[in-house]
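Chains F and W are the protein sequences, given in the same order.
Residues 5 to 327 in our numbering are what the first sequence spells out, letter by letter.
Residues 21 to 350 in our numbering are what the second sequence spells out, letter by letter.
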Amino acid sequence: MTELDFMTSPQSGELGRFLQQMLLIRYFEQQVEERYRDAEIPGFVHVAIGQEAVAVGACAALAPGDVITSTHRSHAHALAKGTPARAVMAELYGKVEGCSRGRGGSMHLYDVERGNLGSSAVVGGALGIATGAALSFSLRSEPRVALAFFGDGATASGLFHESMNLAQLWKLPVVFLCENNRWAESTPLAQHSPITDLTQRAQAFGMTALEVDGQDVEAVYRATAEALAHARSAAGPVFLLAETYRLAPHNVGDQQEYRDKEEYELTRATQDPIAKLRERLALSDERFDELEREAEAAVADAVDFARHGTDPDPQTLLEDVYA
Amino acid sequence: MPETKTRFSYREAVRDAMSQAMRRDSDVFVMGQDIAEHGGSQKVTLGMLEEFGPDRVRNAPISEMALTGAGIGAAMLGMRPIVEIMYEDFLTLAMEQLVNHAAKERYMSGGQLKVPLTVRTQGGAGWSSAAQHGQQTEGWFVGVPGLKVVYPSTPRDARGLLWSSIYDDNCVVFFEHVQLYNQREELPEELEPIPLGKARIARAGEDVTVVATGPLVPEALAAAEQAEQDGISVEVVDPRTLQPLDEEAILESVRKTSRCVVAHEAVRRMGFGAEVAALVQEKAFDWLDAPVERVGACFSPLPFAPSLERACIPRREQVYAAIKRTVGSE
């Protein structure tokens with residue numbers, strides 16, 4: 005680990021905003037589970053319950069002009085990057101009003117105007133793209149950074165290693181943010197990685213590595229700000245490891261027969277990032293209930309919007325195959 | 021003022037298109053293995069490092085997948101990168117990024133993104149490069165919605181089509197053939213862009229249409245000369261762009277000649293020629309006087325031994341024989 009001199013703290017009030025965003029994501033994901041079980045949402049969906057603090061803390065630290073790439077578990081990243089819940093939900097419903105006009109679905113959320121270059125559902129598949137976005141910033145001398153979200157499972161992929169090597173070799177302004185939720189679908193870290201400390205992956209390339217408690221949104225914010233500052237100063241990329249927990253199945257419908265039930269319940273009870281932040285802010289029950297109701301209402305509105313969305317016209321089927 | 025003309029090799033024509041684009045436009049750059057000091061394994065980028073510097077003529081590690089991904093990312097941000105893949109056999113290493121990302125980003129994003137990336141590559145048989153440095157892979161890419169595929173056979177086409185590929189807003193896989201690099205042609209200094217998706221009639225004729233790609237274009241022209249001596253007039257159509265395909269040019273020619281041979285160096289089975297044959301029978305069936313003939317490599321890995329390689333890959337003799345079959349004289 006390299007010492008970094010850039011330190012920052014969220015402004016007062018900002019933590020409250022983080023809580024609101026995390027609650028929005030939590031309620032959004034819970035509604036997605038329900039709407040999916042009721043067969044309103046087609047395809048299949050991966051929710052990010054338990055990983056809200058990573059998405060919110062990291063996206064809050066980004067500057068205007070910075071870009072992200074995301075994964076198959078993409079709803080939290082899109083919402084945290086500022087895409088309205090209505091547009092995300094409408095996309096999950098396959099509607100024209102969706103953030104990808106109904107062409108992408110749950111695993112392919114895009115919002116280029118807001119700096120979301122999209123989510124790749126090939127594990128690790130967007131790491132080259134984030135590296136290339138950073139290459140464009142470098143070639144054009146723009147003070148922008150690309151941040152790639154990916155999971156621990158992706159660190160076994162070839163593209164991860166090639167992209168890390170390339171980014172460090174060319175000192176590109178990219179932050180590789182690994183959300184270690186300890187599961188590659190049903191395969192635990194111990195069965196897919198010969199090392200437990202994933203920052204060692206970065207050391208192999210001589211890359212700066214940071215590690216953060218992914219259940220602590222303030223810590224994620226601060227660590228991401230450090231990583232971004234390092235990358236933005238042309239000092240090279242950063243591997244940022246967020247230790248987090250998937251407090252949900254891999255995808256809705258997964259019975260998690262591979263997971264120890266007791267351990268799972270204990271983790272849910274002790275590693276909830278929202279509960280941690282609530283405690284940190286010492287919120288009254290009244291105030292917290294109020295925030296919960298706000299999030300609930302915003303998500304209900306998004307569901308209503310999506311239900312009343314427009315199905316894409318088959319006449320438009322071949323639009324945008326080519327530019 | 022008289023137009024200045026210079027003799028360009030196919031190799032120089034490719035280099036000229038890249039260099040002219042890079043002089044005009046700081047968003048164009050090229051990256052690949054051994055392309056800087058060494059000038060590329062086929063010397064296509066020779067001298068470009070000196071003119072444009074190491075940032076824009078970027079030597080890259082042996083990471084075809086990340087390099088292609090980086091090209092996609094830079095293209096998504098509005099640049100016009102060129103990625104050189106040393107041998108088309110190695111496109112396999114970049115295939116995931118090309119097929120799942122370059123081809124689909126625009127569609128999956130509902131039209132928010134463009135990927136103006138050009139992936140240049142080369143290869144081809146005829147010099148005992150064996151099974152991993154000589155196969156023709158263009159047929160794998162023409163079936164991917166969202167990708168464009170270009171395969172020039174002359175210096176003029178190489179230059180004009182590469183320019184159009186660089187300035188196309190889609191990902192273009194641009195195939196060059198090792199046996200064509202030293203072909204020469206007189207070209208004006210000023211680059212003439214050639215639109216993608218337009219075929220070229222390489223030779224006009226009346227009796228048989230040969231639709232040929234890459235090195236099979238000069239081979240088909242040689243076969244046509246030979247057939248001429250037998251009193252058979254052959255038209256050679258070079259699609260130049262395989263995706264999108266200039267279907268009308270092919271059909272127009274077949275409607276005139278009533279006979280069709282499709283010739284490429286890639287394997288015959290399941291090849292690009294099968295699509296052309298299907299197109300012709302679907303849309304020009306009533307004009308046909310003979311079955312569509314297909315000429316292509318045998319269905320085996322490309323062999324090393326010269327005797328085996330010669331037996332596997334098609335050249336003018338096989339095209340000539342196919343022409344003769346369509347007129348019922350063999």
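Just so it is clear, CB atoms sit at the ideal spot from N, CA and C, and this is done for glycine as well.
As the structure is a computational prediction, the values presented were derived from the model and not from experiment.
For residue i and residue j, I'd like the C-alpha separation in whole angstroms.
| i | j | result |
| --- | --- | --- |
| Q259 (chain F) | A137 (chain F) | 38 Å |
| L241 (chain W) | T229 (chain W) | 11 Å |
| M11 (chain F) | R21 (chain F) | For M11 (chain F), the predicted structure reports a pLDDT of 39, less than 50, and the residue's modelled location is therefore unreliable. The matter cannot be settled from this model. |
| H112 (chain F) | D306 (chain W) | 46 Å |
| S320 (chain W) | Q62 (chain W) | 26 Å |
| E313 (chain W) | S148 (chain W) | 27 Å |
| K85 (chain F) | S129 (chain W) | 16 Å |
| R189 (chain W) | A41 (chain W) | The sequence as given places Asp at residue 189 (chain W); Arg does not occur at that position. Roughly 15 Å between the two C-alpha positions. |
| E294 (chain F) | M93 (chain F) | 23 Å |
| G218 (chain F) | H234 (chain F) | 20 Å |
| T24 (chain W) | G348 (chain W) | 47 Å |
| F154 (chain F) | H197 (chain W) | 39 Å |
| C191 (chain W) | P192 (chain F) | 37 Å |
| L265 (chain W) | T203 (chain F) | 49 Å |
| P338 (chain W) | G146 (chain W) | A small correction: the amino acid at residue 338 (chain W) is Gln; Pro does not occupy that position in the sequence shown. Computed Cα separation, rounded: 15 Å. |
| A150 (chain W) | V256 (chain F) | 49 Å |
| D258 (chain W) | V231 (chain W) | 6 Å |
| T1 (chain W) | Y340 (chain W) | Coverage of chain W is limited to positions 21 through 350, which leaves residue 1 (chain W) absent and any answer about it impossible. |
| C63 (chain F) | R236 (chain F) | 15 Å |
| M26 (chain F) | R118 (chain F) | 19 Å |
| E302 (chain W) | A125 (chain F) | 37 Å |
| A283 (chain F) | V178 (chain F) | In the sequence on display, residue 283 (chain F) carries Glu and not Ala. Taking the straight line from one Cα to the other gives about 33 Å. |
| D9 (chain F) | A229 (chain F) | Low confidence applies here, because D9 (chain F) scores a pLDDT of 34, under 50, leaving its location unreliable; read the following figure in that light. In a straight line, the C-alpha of D9 (chain F) is about 11 Å away from that of A229 (chain F). |
| R186 (chain F) | L181 (chain W) | 49 Å |
| S78 (chain F) | C182 (chain F) | 14 Å |
| A331 (chain W) | L271 (chain W) | 31 Å |
| A56 (chain W) | D36 (chain W) | 16 Å |
| E189 (chain F) | H76 (chain F) | 11 Å |
Going by beta carbon distance, what residues of the same chain come within less than 6 Å of residue i, once the five residues before and after it are set aside?
| i | result |
| --- | --- |
| R148 (chain F) | G69, D70, F141 |
| F180 (chain F) | A152, F243 |
| E7 (chain F) | Model confidence at E7 (chain F) stands at a pLDDT of 36, short of 50, so the residue's coordinates are unreliable; what they give is reported in the following sentence. Excluding sequence neighbours, E7 (chain F) sits near nothing in its chain. |
| P253 (chain F) | Q260 |
| E101 (chain F) | A94, G313 |
| A299 (chain F) | L27, L28, Y31 |
Our contact map puts residue i next to residue j with C-beta atoms below 8 Å; I'd like the distance itself, whole angstroms only.
| i | j | result |
| --- | --- | --- |
| H284 (chain W) | L236 (chain W) | 6 Å |
| L131 (chain F) | S167 (chain F) | 4 Å |
| G59 (chain W) | G67 (chain W) | 7 Å |
| G98 (chain W) | T135 (chain F) | No, G98 (chain W) and T135 (chain F) are not in contact; Cβ-Cβ is about 16 Å, not under 8 Å. |
| D47 (chain W) | N79 (chain W) | Rounded, the Cβ-Cβ distance is 20 Å, inconsistent with contact. |
| T346 (chain W) | A304 (chain W) | Actually they are not in contact, since the Cβ atoms of T346 (chain W) and A304 (chain W) sit about 14 Å apart, beyond 8 Å. |
| L211 (chain W) | R179 (chain W) | 6 Å |
| S278 (chain W) | L308 (chain W) | 6 Å |
| R105 (chain F) | G131 (chain W) | 7 Å |
| V221 (chain F) | G61 (chain F) | 4 Å |
Spatial neighbours of residue i within its chain, please: C-beta separation below 7 Å, excluding the five flanking residues on both sides.
| i | result |
| --- | --- |
| P89 (chain F) | It should be noted that the sequence gives Ala, not Pro, for residue 89 (chain F). Closer than 7 Å at Cβ, skipping near neighbours: L28, F32, L83, A302, V303, A306. |
| L133 (chain W) | M96, E125, R126 |
| D80 (chain F) | Here residue 80 (chain F) turns out to be Ala, not Asp, going by the sequence shown. Same-chain partners within the cutoff: I29, A52, Q55, E56, A59. |
| L69 (chain W) | A56, E57, V77 |
| V256 (chain W) | A222, R223, V230, A232, V237, A240, L241, A244 |
| R275 (chain W) | A304, W307 |
Using C-beta distances below 8 Å, list every residue in its chain close to residue i, excluding the 5 sequence neighbours before and after it, in chain order.
| i | result |
| --- | --- |
| P175 (chain W) | F28, S29, Y30, E32, A33, Q203, R204, E205, L207 |
| D45 (chain W) | R100 |
| S197 (chain F) | D156, T159, A160 |
| A116 (chain W) | Position check: residue 116 (chain W) holds Glu in this sequence, whereas Ala was assumed. Same-chain partners within the cutoff: M85. |
| N184 (chain F) | G155, D156, L193, L202, G218, L245, A246, E247, T248 |
| K218 (chain W) | R260, T261, D266, A269 |
Check whether the stretch 195-210 of chain F and the stretch 271-286 of chain F touch, using three or more Cβ-Cβ pairs below 8 Å as the test.
Between the stretch 195-210 of chain F and the stretch 271-286 of chain F there are fewer than three C-beta pairs closer than 8 Å, too few to call the two in contact.
Taking only beta carbons into account, state which residues of the stretch 96-119 of chain W come closer than 8 Å to chain F, listed in chain order.
Shown in chain order are the members of the stretch 96-119 of chain W whose Cβ falls below 8 Å from a Cβ of chain F: M96, L97, G98, M99, P101, E116, Q117.
With three or more C-beta pairs closer than 8 Å as the rule, is the stretch 104-111 of chain F touching the stretch 47-60 of chain F?
A contact between stretches requires three or more CB pairs, one per stretch, nearer than 8 Å, and the stretch 47-60 of chain F meets this requirement with the stretch 104-111 of chain F.
Looking at C-beta atoms only, is the number of pairs between the stretch 113-126 of chain W and the stretch 160-174 of chain W that lie closer than 8 Å three or more?
Two segments are said to touch when three or more pairs of C-beta atoms, one from each, lie closer than 8 Å; by this definition the stretch 113-126 of chain W touches the stretch 160-174 of chain W.
Got a sec: which bits of the stretch 269-282 of chain W sit with their beta carbon under 9 Å from any beta carbon on chain F, in order along the chain?
Answer set for the stretch 269-282 of chain W: empty.
Determine which residues of the stretch 81-96 of chain W have a Cβ less than 8 Å from any Cβ of chain F, and write them out in chain order.
Here the close residues are P81, S83, M85, A86, L87, T88, G89, A90, G91, I92, G93, A94, A95, M96.
Would you be able to state if there are at least three C-beta pairs under 8 Å between the stretch 285-298 of chain W and the stretch 243-254 of chain W?
Flag = no, the stretch 243-254 of chain W and the stretch 285-298 of chain W do not touch.
Any 3 or more C-beta pairs closer than 8 Å across the stretch 95-110 of chain W and the stretch 136-151 of chain W
Note that the stretch 95-110 of chain W touches the stretch 136-151 of chain W; at least 3 beta-carbon pairs, one per stretch, sit closer than 8 Å.
Quick one, which residues of the stretch 125-136 of chain W are near chain F if we go by CB-CB under 9 Å, in chain order?
Listed by position, the residues of the stretch 125-136 of chain W near chain F (Cβ gap below 9 Å) are E125, R126, Y127, M128, S129, G130, G131, Q132, L133, K134, V135, P136.
Positions along the stretch 149-178 of chain F whose CB lies within less than 7 Å of some CB in chain W
Closer than 7 Å at the C-beta level to chain W, one finds these residues of the stretch 149-178 of chain F: G162, L163, E166, S167, N169, L170, L173.
Quick one, which residues of the stretch 288-310 of chain W are near chain F if we go by CB-CB under 7 Å, in chain order?
Per Cβ criterion, the list is empty.
Identify each residue in the stretch 166-197 of chain W for which the Cβ-Cβ distance to at least one residue of chain F is less than 7 Å, and report them in chain order.
Listed by position, the residues of the stretch 166-197 of chain W near chain F (Cβ gap below 7 Å) are G166, D189, N190.
So if I threshold CB-CB distances at 9 Å, which residues from the stretch 52-68 of chain W count as touching chain F?
So the list is empty, because no residue satisfies the distance condition.
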